[in-house]
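Please read the structure below before turning to the comments.
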Amino acid sequence: MSQRVSLTQYLVEQQRLHGHIPQQLRLLIEVVARACKRIAISVNKGALGDVLGTAGSENVQGEVQKKLDIIANEVLIEANEWGGHLAAMASEEMESIHLVPNRFPQGEYLLMFDPLDGSSNIDVNVSIGTIFSVLKKLDGSKGVSEDDFLQPGSAQAAAGYCVYGPQTTLVLTVGDGVAMFTLDREQGSWVLTADDVKIPTDTKEFAINMSNKRHWDEPVTRYIDECLAGVEGPRGKDFNMRWIASMVADVHRILTRGGIFMYPWDKREPNKAGKLRLMYEANPMAFLVEQAGGAATNARQRILDLQPTKLHERVSVVLGSKNEVERVTRYHVESDAAK
Ligand code: P6P
Numbered sequence: 042m043s044q045r046v047s048l049t050q051y052l053v054e055q056q057r058l059h060g061h062i063p064q065q066l067r068l069l070i071e072v073v074a075r076a077c078k079r080i081a082i083s084v085n086k087g088a089l090g091d092v093l094g095t096a097g098s099e100n101v102q103g104e105v106q107k108k109l110d111i112i113a114n115e116v117l118i119e120a121n122e123w124g125g126h127l128a129a130m131a132s133e134e135m136e137s138i139h140l141v142p143n144r145f146p147q148g149e150y151l152l153m154f155d156p157l158d159g160s161s162n163i164d165v166n167v168s169i170g171t172i173f174s175v176l177k178k179l180d181g182s183k184g185v186s187e188d189d190f191l192q193p194g195s196a197q198a199a200a201g202y203c204v205y206g207p208q209t210t211l212v213l214t215v216g217d218g219v220a221m222f223t224l225d226r227e228q229g230s231w232v233l234t235a236d237d238v239k240i241p242t243d244t245k246e247f248a249i250n251m252s253n254k255r256h257w258d259e260p261v262t263r264y265i266d267e268c269l270a271g272v273e274g275p276r277g278k279d280f281n282m283r284w285i286a287s288m289v290a291d292v293h294r295i296l297t298r299g300g301i302f303m304y305p306w307d308k309r310e311p312n313k314a315g316k317l318r319l320m321y322e323a324n325p326m327a328f329l330v331e332q333a334g335g336a337a338t339n340a341r342q343r344i345l346d347l348q349p350t351k352l353h354e355r356v357s358v359v360l361g362s363k364n365e366v367e368r369v370t371r372y373h374v375e376s377d378a379a380k
C-alpha cells in the first residue's frame with residue numbers, strides 16, 4: 042500500500058463511495074479510535090504505570106476486575122459522552138446501560154463494548170484488546186432503555202476491535218468489507234494497512250481451550266478428534282492449534298491467515314449457553330468475520346440472526362473459515378437429529 046491513508050480519509054471515501062457512513066457514525070468511529078489510542082498508552086505503560094493487577098472489585102459477570110478493565114471503561118465512557126453522536130452506552134464492566142447525560146447533546150447511536158478483552162493476559166504481557174459494536178436507536182423510541190440495545194447482530198451499523206499487541210491495530214467494518222489500521226506511534230495516527238480483508242474458506246488451524254475437552258458436547262469432540270487424527274484421519278491433513286485466551290488476538294489471527302475459533306457450550310455450567318457475551322463480543326466479531334467472507338454460528342444458528350433477550354446474554358461461538366464453521370455446525374445439526 043503506497044500512499045498512506047488515514048482513518049478519516051478512509052471513512053470520508055467510504056461515505057463518498059457508498060454513502061452509508063452518516064456524519065454522526067463517522068464521528069463515533071473516530072472518537073472510539075481516539076479512545077483506543079488512549080487505552081493503548083495505558084496498556085503500554087505496564088509495570089511503569091499503576092495499571093497492572095486487580096482493582097479489588099468484581100464486574101457484573103462476577104469476574105475479578107483488573108485495573109486496566111476499569112481504566113479502559115472510563116476512557117470509553119468519557120470520550121463518547123459529549124460528542125452528540127450517542128444516546129447511550131453498554132459495557133461488559135457495567136450492569137446497566139449508561140445514558141448520555143442530559144447536559145450533552147443526544148445522538149441516535151448506541152455503543153456497546155468490552156473495554157479490555159483478555160484481561161487474564163494483561164499481567165503476562167500477552168495481546169489484549171477492545172471490542173466495540175454500534176447500533177442505531179430504534180426509530181421513534183422515546184428516551185433510551187435496555188430494550189433499545191436488544192437488536193440482532195444483523196442490525197449493527199459498525200463493529201470493530203483494537204488489538205494491543207506487537208502492533209496496535211484497529212480493525213473495522215461499516216458493512217462494506219473489513220479494513221485494518223495500524224497506529225503510527227510517531228505521528229499518533231491510524232494508517233490504513235489492509236483493506237478488503239478476506240478469510241480463507243479452508244484452514245489447518247483451530248483455536249479452542251483444550252483443557253475443557255472432557256466437558257464438551259459430542260459434536261465438538263468429534264470435530265476436534267478428527268483434526269487431531271491428522272493426515273491419517275478422516276480429514277486427510279494435519280492441523281495446528283492456537284489458543285491465546287484473548288478473543289481479539291485469536292480473531293485477529295483468523296482475519297489475517299484463516300482458522301476456526303470455538304468457545305462452545307460445555308457441561309461445566311449447563312444452564313449457560315456459553316462463556317462469551319453476545320452483544321459486545323460475539324456480535325461484533327461475527328459481523329467482522331462475515332464481512333471478511335467467513336462464517337459465525339452458535340454451533341447451530343447464524344450468530345447475527347440471534348434475537349438477544351438480555352444485555353449480558355452469553356452465547357456459544359464457532360467462527361472463522363467458512364468451510365470449517367459449516368462442518369462444525371453440520372455435526373451439531375446431525376447430532377440433534379439423531380437424538
Ligand atoms: P478461557 C477472555 O476472558 C475471554 O472472554 C475471551 O477473550 C477468550 O477467548 C476467553 O475468555 C478465554 O477463556 O476459559 O480459555 O480463559
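Count along the sequence shown from 1, add 41, and you get the number used in my numbering.
All C-beta atoms in this analysis are idealised placements derived from N, C-alpha and C, irrespective of residue type, glycine included.
C-beta atoms of residue i and residue j nearer than 8 Å
{"i": "Y304", "j": "D155", "result": "no"}
{"i": "V92", "j": "K108", "result": "yes"}
{"i": "L317", "j": "E187", "result": "no"}
{"i": "A327", "j": "L296", "result": "no"}
{"i": "M130", "j": "I118", "result": "yes"}
{"i": "P260", "j": "Y150", "result": "no"}
{"i": "I172", "j": "Y202", "result": "yes"}
{"i": "T214", "j": "A199", "result": "yes"}
{"i": "D307", "j": "P193", "result": "no"}
{"i": "F280", "j": "V292", "result": "no"}
{"i": "A220", "j": "A235", "result": "yes"}
{"i": "G81", "j": "T209", "result": "The displayed chain sequence assigns Ala, not Gly, to residue 81. In this structure, T209 lies closer than 8 Å to A81 by Cβ."}
{"i": "G216", "j": "Q332", "result": "yes"}
{"i": "H256", "j": "R341", "result": "no"}
{"i": "D164", "j": "G218", "result": "no"}
{"i": "E354", "j": "L319", "result": "yes"}
{"i": "L157", "j": "D110", "result": "yes"}
Own chain residues within Cβ distance below 6 Å of residue i, not counting five before or after
{"i": "S230", "result": "S47"}
{"i": "G274", "result": "E267"}
{"i": "V72", "result": "A120, N121, G124"}
{"i": "S287", "result": "G159, N162, S168, I169"}
{"i": "G87", "result": "none"}
Contact test: residue i Cβ vs ligand 1 heavy atom, cutoff 7 Å
{"i": "N250", "result": "yes"}
{"i": "L317", "result": "yes"}
{"i": "D110", "result": "no"}
{"i": "M288", "result": "yes"}
{"i": "G300", "result": "no"}
{"i": "S160", "result": "yes"}
{"i": "D307", "result": "no"}
{"i": "Y304", "result": "yes"}
{"i": "D291", "result": "yes"}
Spatially closest choice to residue i from the options, by CA coordinates
{"i": "L233", "options": "A248, V212, T244", "result": "V212"}
{"i": "M135", "options": "F145, G103, D164", "result": "G103"}
{"i": "E133", "options": "R45, G124, N114", "result": "N114"}
{"i": "P146", "options": "D189, D279, L127", "result": "L127"}
{"i": "P142", "options": "V116, G184, Q106, D164", "result": "G184"}
{"i": "P241", "options": "S98, A336, E354, N324", "result": "A336"}
{"i": "V116", "options": "S182, R255, R283, A76", "result": "A76"}
{"i": "A314", "options": "V356, F280, V289", "result": "V356"}
{"i": "T223", "options": "L89, P311, A74, I344", "result": "A74"}
{"i": "N250", "options": "L269, R283, V238", "result": "R283"}
{"i": "A323", "options": "H59, Y51, G87, M153", "result": "M153"}
{"i": "T338", "options": "V330, L329, V358, H139", "result": "V358"}
{"i": "H139", "options": "A379, D189, D180", "result": "D189"}
{"i": "E246", "options": "V289, R294, V238", "result": "R294"}
{"i": "Q65", "options": "R343, V175, N85, V84", "result": "V175"}
{"i": "S137", "options": "V101, D110, V374", "result": "V101"}
{"i": "L69", "options": "T49, G87, E54", "result": "T49"}
{"i": "P325", "options": "V289, P311, N312", "result": "V289"}
{"i": "V238", "options": "E375, P207, Q228, G334", "result": "G334"}
Beta-carbon proximity list for residue i, same chain, < 7 Å, skipping 5 on both sides
{"i": "Q56", "result": "I62, R67"}
{"i": "S182", "result": "D189"}
Nonlocal neighbours in the same chain, by C-beta distance under 8 Å from residue i, ignoring five residues either side
{"i": "D243", "result": "G299, S362, N364, E365"}
{"i": "G277", "result": "none"}
{"i": "T350", "result": "L191"}
{"i": "E10", "result": "In the structure as shown, the chain begins at 42 and stops at 380. Residue 10 is therefore absent and cannot be evaluated."}
{"i": "R368", "result": "Y264"}
{"i": "K177", "result": "E149, Y150, L151, A196, A198"}
Short CB-CB distance (under 8 Å) between residue i and chain D
{"i": "V53", "result": "Of the protein chains in this structure there is only one, and it is not chain D."}
Note to self: Report the start-end ranges of each beta strand (DSSP E) in the region 113-152 that is 3 residues or longer and not cut off at the edges.
What the structure shows: Fully enclosed beta strand (DSSP E) runs of 3 or longer: 127-132.
Next item on the list: Entirely within the region 278-323 and at least 3 residues each: give me those beta strand (DSSP E) ranges in chain order.
Entry: Whole beta strand (DSSP E) segments, 3+ residues: 301-304.
Checklist line | alpha helix (DSSP H) runs contained entirely in the region 161-217, provided each spans 4 or more residues | finding: Correct list: 187-190.
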